[in-house]
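Peer 1: Chains as they are written, first to last, in my numbering: chain A, 139 to 248; chain B, 38 to 480. We treat Cβ as the ideally placed atom computed from N, Cα and C, and that holds for glycine. Got a structure for you, questions after.
In structure tokens, the structure reads:
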């Protein structure tokens, strides 16, 4: 049990470390391009941000439930009724030039 | 009258960069009577106004004209308000000083070399300077109403999480965002909150409570009020002169019949870490939808899906948005999620418990709104991101807990305003309004 705990602890501590390769990977997943200067700068900043955030490890949260919201929310239901919309004066396509006929037009996916 | 309002709004904007957009003309409201008849309402840029660019302070949404009003805006029109324009803010609400604001950085009305606070900076500036009847619709995720209200010497109320509909809000972090009000007086904010709160069939997260008239709490009496003073909110990082002004205000309330006692909120030191991990994780998912196709920033379509998205997002987001997207994505990634995101949510539970325990004993809690007076832009420029985040140390905990709070001006330090932060238990807006009003009447 103790071994398991200390192993978990070790993993947690390792989690607070970042390096350039990791930031680059996350940026790619998030569809954000970073140039070399930005990557260098962000890596340093994120290192100090995470260094500060690791203080969370001090809090004993065993048997504590996560709060996804400040208060418990109840599901709300309503009838799924179609409402009138003035298509002639306002269309979802009004805010884009990337359209063809009644459709949005996007870049190639394959 | 309408022309004079628009002229003055433009003058404010020229000097203080308070607006992203000002209405070309003040559309006649639905009716000439109602609770907001004749009042100009400005709207934070992240809340949709029909026919008026609503970009959440971001270039990625430049040119986006909503075909609908957010529920809170529609409610104002129904009560006879004019919609004046969209106020400047940190992009998506990402900031404490409104310096991450590509449409112009709002300047403090008391000293233009200083920040107006953020992220609802423009809203507080217009409120402070308008010489016509005006109230602002603002929004807070981690303190974005209280902070600018305190820095600009006006009143800001952030209601209980779920009190106001968020339909038409361009989200930052769904478990934290709350639409609220900034006004010149406590009465103005109570009036606007009465109009904009209440259930909405378009927002399933709004509390199913009857609409309430909060102006009935504008009573000059704090007799018997039990005030808790959280000792952690007067500690390290809090300017002693600011703390002194706030203590004077607490003593003033005591002289009016309230009692006070120190209390401990032991998890305060973890609130910034917990808040930023949760807020960034949620922001990174919310911002995934901005891809320059259906609305906002456009480029010629060139290259494949990944190339187009990456290029437009890199062009449209500010540096702070990029930092938050990357950190937020990281906090949710396999292998890291438990250590960051879930851990932060569990610490949030402890922070909420701190408040719940305190509110068993006290009616309200009082602290400084911000640890310092509005800083100068030249000093803000020297701050590292983590130092920026630490400026939120007094506002993020009540925002994580979703409790209502009001910032009311309580004095000055070096001629700059100081805010008194009055926090209440969930749904106890009445108590914080009454305490703030009594203070305002007797200062």
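#1: Tell whether a beta-carbon distance below 8 angstroms holds between residue 115/B and residue 155/B.
#2: Can you find a CB in chain B that lies within less than 8 angstroms of the CB of residue 158/A?
#3: Using the beta-carbon count (16 or more within 10 Å), is residue 247/A buried or exposed?
#4: Strictly under 8 angstroms for the Cβ-Cβ distance: is residue 142/A near chain B by that measure?
#5: Consult DSSP for residue 403/B and reduce its assignment to one of helix, strand or coil.
#6: Run through DSSP, which three-state label would residue 418/B get?
#7: With a CB to CB cut of under 7 angstroms and the five nearest residues on each side skipped, what residues in its chain are close to residue 227/B?
#8: Quick check: the Cα distance between residue 233/A and residue 77/B, rounded to an integer number of angstroms?
#9: When you compare the CB of residue 206/B with every CB in chain A, is at least one pair closer than 8 angstroms?
#10: Comparing the C-beta of residue 140/B with each C-beta of chain A, is any distance below 8 angstroms?
#11: For residue 223/B, which beta-bridge partners are listed by DSSP?
#12: Would you verify that the beta carbon of residue 148/A is, or is not, closer than 8 angstroms to some beta carbon of chain B?
#13: Would you mind working out which of 268/B, 363/B, 46/B, 207/B sits nearest residue 391/B, comparing C-alpha positions?
#14: Give me the chain B residues within the contact set of residue 216/A, using Cβ-Cβ distance strictly less than 7 angstroms, ordered along the chain.
#15: Can you tell me where the beta strand (DSSP E) with residue 345/B in it begins and where it stops?
#16: Could you tell me the alpha carbon to alpha carbon distance between residue 55/B and residue 277/B, rounded to whole angstroms?
#17: Once you ignore the five residues that flank residue 343/B on each side, which residues in its own chain have a CB closer than 7 angstroms to its CB?
#18: Does any residue of chain A have a CB that is nearer than 8 angstroms to the CB of residue 108/B?
#19: If you draw a straight line from the C-alpha of residue 208/A to the C-alpha of residue 181/A, how long is it?
#20: For residue 208/B, count neighbouring Cβ atoms within 10 angstroms of its own Cβ and tell me buried if that reaches 16, exposed if not.
#21: Please classify residue 38/B as buried or exposed, where buried requires at least 16 neighbouring CB atoms within 10 angstroms.
#22: Which chain A residues are close to residue 461/B, counting only those with a beta carbon under 8 angstroms from its beta carbon?
#23: Decide yes or no for the touch test of the region 324–335 of chain B against the region 185–199 of chain B: beta carbon pairs closer than 8 angstroms, at least 3 of them.
#24: Quick one: grab the DSSP three-state call for residue 142/B.
#25: For the candidate residues 137/B, 396/B, 310/B, whose alpha-carbon lies nearest to that of residue 429/B?
#26: At 3 residues or longer, what runs of the beta strand (DSSP E) sit wholly inside the region 141–194 of chain B?
#27: In this structure, how does DSSP classify residue 89/B when only helix, strand and coil are distinguished?
#28: Let me know if residue 168/B comes out buried or exposed under the rule of 16 or more other beta-carbons within 10 Å of its beta-carbon.
#29: Measure the C-alpha to C-alpha separation of residue 281/B and residue 219/A and round it to an integer number of angstroms.
#30: Does DSSP classify residue 367/B as helix, strand or coil?
#31: Helix, strand or coil for residue 336/B, going by three-state DSSP, please let me know.
#32: Which value, in whole angstroms, describes the spacing of the CA atoms of residue 420/B and residue 215/B?
#33: Would residue 170/A pass as a contact of residue 359/B if the rule is Cβ separation under 8 angstroms?
#34: At a Cβ threshold of 8 angstroms, is residue 48/B touching chain A?
#35: Does chain B have any CB closer than 8 angstroms to the CB of residue 221/A?
#36: What is the DSSP secondary structure of residue 314/A, counted as helix, strand or coil?
Peer 2: According to the structure shown:
#1: Judged by their CB atoms, residue 115/B and residue 155/B are not nearer to each other than the 8 angstroms cut-off.
#2: By the rule that beta-carbons nearer than 8 angstroms mark a contact, residue 158/A does not touch chain B.
#3: Exposed: under 16 other Cβ atoms inside 10 Å.
#4: For residue 142/A, the pLDDT reaches just 49, beneath the cut-off of 50, and the residue's location in the model is therefore unreliable, leaving the point undetermined.
#5: Strand at residue 403/B.
#6: Three-state result, residue 418/B: coil.
#7: Excluding residues within five positions, the ones whose Cβ falls inside 7 angstroms are 251, 252, 254, 255, 470.
#8: A straight line joining the alpha-carbon of residue 233/A with that of residue 77/B spans about 27 angstroms.
#9: No - not a single Cβ of chain A is within 8 angstroms of the one on residue 206/B.
#10: No, no contact with chain A.
#11: Answer is none; residue 223/B lacks a bridge partner.
#12: Per-residue confidence for residue 148/A stands at a pLDDT of 47, beneath the threshold of 50, marking its modelled position as unreliable; no derived number is given.
#13: The candidate whose alpha carbon is nearest that of residue 391/B is 268/B.
#14: Using a Cβ-Cβ cut-off of 7 angstroms, residue 216/A is close to 238 of chain B, given in chain order.
#15: Not the beta strand (DSSP E): residue 345/B falls in the alpha helix (DSSP H), residues 342–353.
#16: Distance between the alpha carbons of residue 55/B and residue 277/B: 30 angstroms.
#17: Within the same chain, residue 343/B has no close Cβ partners at all.
#18: For residue 108/B, the answer is no, since every Cβ of chain A falls outside 8 angstroms of its Cβ.
#19: Between the C-alpha atoms of residue 208/A and residue 181/A there is a straight-line separation of about 32 angstroms.
#20: Within a 10 Å sphere around the beta-carbon of residue 208/B sit 16 or more other beta-carbons, which makes this residue buried.
#21: So residue 38/B counts as exposed.
#22: Among the residues of chain A, none has a CB under 8 angstroms from the CB of residue 461/B; the nearest is roughly 13 angstroms distant.
#23: No, they do not touch.
#24: Of the three classes helix, strand and coil, the one that applies to residue 142/B here is coil, per DSSP.
#25: Taking only the C-alpha atoms, the option nearest residue 429/B is 310/B.
#26: List check, beta strand (DSSP E) in window: 148–152, 171–177.
#27: Three-state result, residue 89/B: strand.
#28: When all chains shown are included, residue 168/B counts as exposed.
#29: The straight-line gap from Cα to Cα measures roughly 57 angstroms.
#30: Residue 367/B: helix per DSSP, three-state reduction.
#31: Three-state result, residue 336/B: coil.
#32: When rounded, the distance between both Cα atoms is 27 angstroms.
#33: Between residue 170/A and residue 359/B, the C-beta spacing is below 8 angstroms.
#34: No, residue 48/B lies away from the interface with chain A (no Cβ there is under 8 angstroms from its Cβ).
#35: Using a CB distance cut-off of 8 angstroms, residue 221/A does not count as an interface residue toward chain B.
#36: Absent from the model: residue 314/A. The displayed extent of chain A is 139 to 248, so no value can be given.
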